[in-house]
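Visitor: Dropping the structure in here first, questions after.
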Amino acid sequence: MRTSLIALLSLFILQISLAQEPPAYAIVIHGGAGNISPKVISPARADALSEKLSEVLEKGISILDSGGTSLDAVETVIRIMEDSPLFNAGKGAVYTHEGKNELDASIMDGKTLNAGAVAGIGDIKNPISAARIVMEKSPHVLLSGKGASRFLAGHGGEVVDSSYFYTERRWKQLQQQLKKDQVEKYGTVGCVALDSYGNLAAGTSTGGMSNKRYGRIGDSPIIGAGNYANNNSCAVSATGHGEYFIRYTVAYDISAMMQYSDLSIQEAASAVIQEKLKEAGGRGGVICVDKQGNIAMEFNTAGMLRAYATANGEKAVKVFE
Ligand code: ASP
Numbered sequence: 023m024r025t026s027l028i029a030l031l032s033l034f035i036l037q038i039s040l041a042q043e044p045p046a047y048a049i050v051i052h053g054g055a056g057n058i059s060p061k062v063i064s065p066a067r068a069d070a071l072s073e074k075l076s077e078v079l080e081k082g083i084s085i086l087d088s089g090g091t092s093l094d095a096v097e098t099v100i101r102i103m104e105d106s107p108l109f110n111a112g113k114g115a116v117y118t119h120e121g122k123n124e125l126d127a128s129i130m131d132g133k134t135l136n137a138g139a140v141a142g143i144g145d146i147k148n149p150i151s152a153a154r155i156v157m158e159k160s161p162h163v164l165l166s167g168k169g170a171s172r173f174l175a176g177h178g179g180e181v182v183d184s185s186y187f188y189t190e191r192r193w194k195q196l197q198q199q200l201k202k203d204q205v206e207k208y209g210t211v212g213c214v215a216l217d218s219y220g221n222l223a224a225g226t227s228t229g230g231m232s233n234k235r236y237g238r239i240g241d242s243p244i245i246g247a248g249n250y251a252n253n254n255s256c257a258v259s260a261t262g263h264g265e266y267f268i269r270y271t272v273a274y275d276i277s278a279m280m281q282y283s284d285l286s287i288q289e290a291a292s293a294v295i296q297e298k299l300k301e302a303g304g305r306g307g308v309i310c311v312d313k314q315g316n317i318a319m320e321f322n323t324a325g326m327l328r329a330y331a332t333a334n335g336e337k338a339v340k341v342f343e
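For the sequence shown, the residue numbers in our numbering are 23 to 343.
Shown next as structure tokens:
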């Protein structure tokens, strides 16, 4: 009698602790950093951004919760953001000086350190999937321009006419920037995730900078600059002024600081973004997750669109704060 009572009690305790067990996965998403404040973004646009970020967060959670991999979560989340005209990636990409769309993206698997990237492509609907195809179906890491398109068309990339990327908003933005000879506009998208198998992945996708010329490529397709994942440290996706992120190898620097100096993910992200990059004049931000599911979201701009679900069950979508 006493033994069965003890057995029942331990089963009860086990059930309680299982019920309180936090999810074994974590995910962080960004929709770009920059001058993101209520002065610049209308309430209607802020609502639309918040809704889209919630939608992709829930999608990412559902993939990870049902045992999906971090790579699948990252690719799926970014594909949905690329299909939305709200972000500077895929459908919503900015225009080059010549009135074209040249898209960059990359993806990295923290378990194997395999990586794939595309740069300056203008006829593949989802650059993040193109990056994954390069990673999984080619012996290379980075393919660019027409050669990339040729390879992708033959390996399952979804080819679209360049007119697919037309949006009135981005076209008007280019016309204004042409008048002022201005090159800017951040708004890249990215996602980092830890799955229940303990594997990290990172993905980043962008239209780059509006009014860019001469085949300019930013940091987003550069492994170690705008994107990096390593199961021994963390996964990072960046957004901001790409030239600085390349010169300061931002994503890899955060990983290296964790690996070689034993810093936490928050300490490493903050040292790189708020000290090194800021002192150099580089503007932007990063999202990061480590193998325990700790996250960091650090930016030195007015704002960064972001959403997250941590391994201890916290989740939120942030447009302005
Ligand atoms: N980092 C991107 C680039 O320089 C732009 C951005 O993040 O918005 O191409």
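C-beta: ideal position from N, C-alpha, C; glycine also.
Return the chain-ordered list of same chain residues with a C-beta closer than 7 Å to the C-beta of L75, the five sequence neighbours on each side being excluded.
Guide: To locate residue 75, count along the sequence shown from 1; it is residue 53. Closer than 7 Å at Cβ, skipping near neighbours: I51, G53, L327, A329, V339.
Visitor: Which residues bound the alpha helix (DSSP H) around T228?
Guide: Taking the sequence shown and counting its residues from 1, one reaches residue 228 at position 206. It is not in any alpha helix (DSSP H) - T228 instead sits in the beta strand (DSSP E) that spans 222–228.
Visitor: Where does G112 sit, in a helix, a strand or coil, going by DSSP?
Guide: Start at 1 with the first residue of the sequence shown, and residue 112 comes out as number 90. Of the three classes helix, strand and coil, the one that applies to G112 here is helix, per DSSP.
Visitor: For the region 130–147 against the region 233–249, are there 3 or more C-beta pairs whose distance is under 8 Å?
Guide: Touching, yes.
Visitor: Starting from V156, follow the alpha helix (DSSP H) in both directions and report where the run begins and ends.
Guide: The sequence position of residue 156 within the sequence shown is 134, counting from 1. V156 -> alpha helix (DSSP H) spans 149–159.
Visitor: How would you call F342, buried or exposed, if buried means at least 16 neighbouring beta carbons within 10 angstroms?
Guide: What you label residue 342 is simply residue 320 of the sequence shown in a count that begins at 1. Flag for F342 reads exposed.
Visitor: Report back the beta-carbon spacing between R192 and Y117 to the nearest angstrom; my notes put them in contact at under 8 Å.
Guide: Within the sequence shown, numbered from 1, the residue matching residue 192 stands at position 170. Within the sequence shown, numbered from 1, the residue matching residue 117 stands at position 95. With a Cβ gap of about 6 Å, R192 and Y117 count as contacting.
Visitor: Could you please give the first and the last residue of the uninterrupted alpha helix (DSSP H) stretch that includes I268?
Guide: Taking the first residue of the sequence shown as position 1, residue 268 is located at position 246. 264–269 is the extent of the alpha helix (DSSP H) around I268.
Visitor: Measuring CA to CA, which of G132, K202, E190, V156 is closest to Y274?
Guide: Residue 274 sits at position 252 when you count from the first residue of the sequence shown. Out of G132, K202, E190, V156, G132 has the C-alpha closest to the C-alpha of Y274.
Visitor: To which residues of the same chain is I102 closer than 6 Å at the C-beta, ignoring the five residues directly before and after it?
Guide: The sequence position of residue 102 within the sequence shown is 80, counting from 1. Counting only Cβ-Cβ distances below 6 Å, and skipping sequence neighbours, we find V78.
Visitor: Taking the alpha-carbon positions, what's the V294 to V181 distance?
Guide: Here residue 294 refers to the residue found at position 272 when the sequence shown is read from its first residue. Here residue 181 refers to the residue found at position 159 when the sequence shown is read from its first residue. Rounded to whole angstroms, V294 to V181 spans 38 Å at the Cα level.
Visitor: Got a sec: does ligand 1 put a non-hydrogen atom nearer than 7 Å to the Cβ of D241?
Guide: In the sequence shown, counting from the first residue as 1, residue 241 sits at position 219. For ligand 1, at least one heavy atom lies less than 7 Å from the Cβ of D241.
Visitor: With distances taken from CA atoms, which of I268, A324, D69 is nearest K298?
Guide: As a working mapping, residue 298 is identified with position 276 in the sequence shown. If we check each option's Cα against that of K298, I268 comes out closest.
Visitor: Look at the alpha carbon of G306 and the alpha carbon of S259, and state the distance between them as a whole number of angstroms.
Guide: Along the sequence shown, read from residue 1 onward, the residue named residue 306 stands at position 284. Along the sequence shown, read from residue 1 onward, the residue named residue 259 stands at position 237. Approximately 11 Å, taken between the alpha carbons.
Visitor: Check each candidate in G167, D203, G225 and name the one with the smallest Cα separation from I150.
Guide: In the sequence shown, counting from the first residue as 1, residue 150 sits at position 128. When only C-alpha atoms are compared, the closest one is G225.
Visitor: Is DSSP giving I38 helix, strand or coil here?
Guide: Here residue 38 refers to the residue found at position 16 of the sequence shown. Only weak support exists for where I38 lies, its pLDDT of 47 falling under 50; the coordinates are left without a value.
Visitor: Which one of E80, A152, E158 has the shortest CA to CA distance from S166?
Guide: In the sequence shown, the residue the question calls residue 166 occupies position 144. Out of E80, A152, E158, A152 has the C-alpha closest to the C-alpha of S166.
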